[in-house]
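As they're listed, the protein sequences go chains H and D. Note that this note's numbering numbers the first sequence so that position 18 is 130, with each residue one more than the last. Note that this note's numbering numbers the second sequence so that position 123 is 235, with each residue one more than the last.
There are 2 protein chains.
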Amino acid sequence: MARPPRAPRPSVRQVVGVAKALGHPARLRMLAMLARGAPLCVCQMTSVLELAPSTVSGHLNELRRSGLVSEEKAGKVVYYRLDERGEAADAVRRMVALAASDDHVRQDRILIRQVRRVPIPTLTRAGLKLERVGIKRPRLRASAGA
Amino acid sequence: MARPPRAPRPSVRQVVGVAKALGHPARLRMLAMLARGAPLCVCQMTSVLELAPSTVSGHLNELRRSGLVSEEKAGKVVYYRLDERGEAADAVRRMVALAASDDHVRQDRILIRQVRRVPIPTLTRAGLKLERVGIKRPRLRASAGA
DNA sequence: CCTTCACTTCGGCAGTTGACGAAATGATAG
DNA sequence: CTATCATTTCGTCAACTGCCGAAGTGAAGG
């Protein structure tokens with residue numbers, strides 16, 4: 113078992129922080145995108161989520177503060193990836209996996225795969241609009257929200 | 113396997129609802145108390161949490177809406193228990209377990225064990241104040257919140 | 001019936017959250 | 001150095017949350 117010595121044990125406050133981080137559709141979707149393993153930059157997630165870059169950045173900041181993602185700068189671009197080291201990492205994966213077959217999450221997965229093939233400059237010069245780089249959003253069916 | 117055909121898979125909205133429900137100290141603590149298995153009534157949890165009964169009731173209502181607890185009326189008293197049937201039940205248990213060794217949660221466990229021995233009328237006639245039924249709160253050490 | 005009791009619902013207030021655009025930051029290219 | 005670019009920070013606003021006490025609800029008991 114590669115089980116490195118983890119931090120002691122999360123406090124109520126930390127667990128609450130993690131739960132709050134999960135408790136927003138945009139953040140849950142971002143985690144679901146990142147759960148595929150590959151890191152993603154802010155602009156890639158922004159283009160999929162259709163939110164302002166500043167909004168997405170704020171969400172990522174909260175995910176980072178809760179220890180769910182880590183950042184890695186590469187030039188001007190900042191890549192985020194799931195942080196596997198946290199005590200909560202496994203539990204978080206479980207929670208995220210619960211929504212794996214949600215239509216919205218599935219669509220995000222499809223989109224992000226295509227987005228990954230688009231060079232960053234192309235994506236941002238298109239104003240982060242996927243249609244402008246030839247990616248169509250498959251319409252999803254009513255999403256069956258309970 | 114008693115595994116009745118549950119709802120297909122939780123939607124993003126449902127998972128977010130569950131995460132939000134976990135994302136509050138009082139609710140997380142209530143779930144931790146209930147995770148011991150035995151059902152608890154509103155007044156018992158109220159006395160431990162030191163909140164207004166209406167506040168606790170509201171929290172329990174939210175937990176119920178998210179499918180995390182179920183209620184069972186017994187006369188005037190309403191008992192709540194963890195709902196194991198939900199698709200998210202396992203993941204929730206995990207999240208709650210993360211905080212199991214938090215000082216606050218440990219104290220709650222100790223208190224609830226004593227509270228359970230006090231008859232409900234005695235508890236409520238004491239205004240839900242534990243000191244008034246001879247239960248002392250062990251002072252907890254700084255709680256080490258990160 | 002009328003009261004009591006355990007709980008829930010309602011109204012209102014304070015604090016937090018999430019959205020955006022504008023401006024600041026820091027790295028790279030010319 | 002200057003310009004550009006990806007991202008972050010800041011200011012502001014509307015919406016939501018959590019708390020309480022007061023009033024309402026429904027079961028038990030006098």
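Where a beta carbon is used, it is the ideal one built from N, C-alpha and C, also for glycine.
When secondary structure is reduced to three states using DSSP, ARG218 of chain H falls in the helix class. Chain-ordered, the chain H residues with CB closer than 9 Å to the CB of ARG121 of chain D read LEU210, ALA211, ALA212, SER213, ASP214. Counted as a single uninterrupted DSSP element, the beta strand (DSSP E) harbouring SER182 of chain H occupies residues 181-186. For ARG193 of chain D, the beta-bridge partners assigned by DSSP are D:SER182.
When DSSP states are grouped into helix, strand and coil, LEU175 of chain D belongs to the helix group.
Look at LEU161 of chain D here: in three-state DSSP terms it is helix. Contact between the region 147-163 of chain H and the region 238-246 of chain H is present, with at least three C-beta pairs closer than 8 Å. In terms of CA proximity to PRO233 of chain D, D:VAL154 leads the group D:ALA211, D:VAL154, D:LYS132.
A direct Cα-to-Cα measurement between GLU184 of chain H and GLU196 of chain D gives close to 40 Å. Proximity of chain D to VAL127 of chain H at the Cβ level (cut-off 7 Å) is accounted for by LEU140, MET207, LEU210, ALA211, in chain order. Beta bridge pairing from DSSP links CYS153 of chain D with D:TYR191. At least one beta carbon of chain H lies nearer than 8 Å to the beta carbon of VAL124 of chain D. By the Cβ criterion, the region 197-206 of chain H is in contact with the region 204-215 of chain D, since at least three pairs of Cβ atoms, one from each stretch, lie closer than 8 Å.
For LYS248 of chain H, no alpha helix (DSSP H) segment is defined, and its DSSP state is neither H nor E.
Measuring C-alpha to C-alpha distances from ARG251 of chain D to each of D:ASP215, D:ARG229, D:THR236 identifies D:ASP215 as the nearest. Around GLY135 of chain D, the beta-carbon contacts reaching into chain H at under 7 Å are VAL128, ALA131, LYS132, GLY135. For ALA138 of chain D, the uninterrupted alpha helix (DSSP H) run begins and ends at 137-146, by DSSP. Taking a contact as a CB-CB distance under 8 Å, the pair GLY135 of chain D and ALA131 of chain H counts as one, their CB atoms being some 4 Å apart. Contact between ILE224 of chain H and MET145 of chain H is confirmed by a C-beta separation of about 5 Å, below the 8 Å threshold. Ranked by how close their Cα comes to the Cα of ARG228 of chain D, the residues D:GLN126, D:ALA164, D:ALA150 have D:ALA150 in first place. Against chain D, a Cβ distance below 8 Å from GLU199 of chain H picks out LEU210.
With a cutoff of 8 Å on beta-carbon distance, SER178 of chain D and ALA147 of chain D are scored as not near each other.
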